[in-house]
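Residue numbers for the sequence shown follow this note's numbering, so the first one is 1 and each next one is one higher. Beta carbons are placed, not taken as given, at the ideal position from N, Cα and C, and that holds for glycine.
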Amino acid sequence: MFALRDRVGLLLRRLKGSLRSLPALGLFVGGGVDELFIGRSVNIYLLAGAIIAGLFFIFIMGFIIYEMFKH
Numbered sequence: 001m002f003a004l005r006d007r008v009g010l011l012l013r014r015l016k017g018s019l020r021s022l023p024a025l026g027l028f029v030g031g032g033v034d035e036l037f038i039g040r041s042v043n044i045y046l047l048a049g050a051i052i053a054g055l056f057f058i059f060i061m062g063f064i065i066y067e068m069f070k071h
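Here it is in structure tokens:
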């Protein structure tokens, strides 16, 4: 029981850290550094990248939770 609680706590701490770095990850996935200098088009790339990164993150978390409770 304690191991499960610690594991959930670790996952939550990781989740908080990931939420802070999600826009940066979105920029990395969606645009890259070049688009930073173009201006307005950054928002589209940032949004698309954040959506892709968010979906990927949800998939990974779902898989981890599924693996935890499968046994």
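For residue i, does the count of other Cβ atoms within 10 angstroms reach 16, so buried, or fall short, so exposed?
| i | result |
| --- | --- |
| Y66 | exposed |
| G49 | buried |
Once the 5 residues before and after residue i are set aside, which same chain residues still bring their CB inside 6 Å of it?
| i | result |
| --- | --- |
| F59 | none |
Can you list, in chain order, the residues of its chain with a C-beta nearer than 7 Å to that of residue i? Leave out the 5 residues immediately preceding and following it.
| i | result |
| --- | --- |
| L55 | none |
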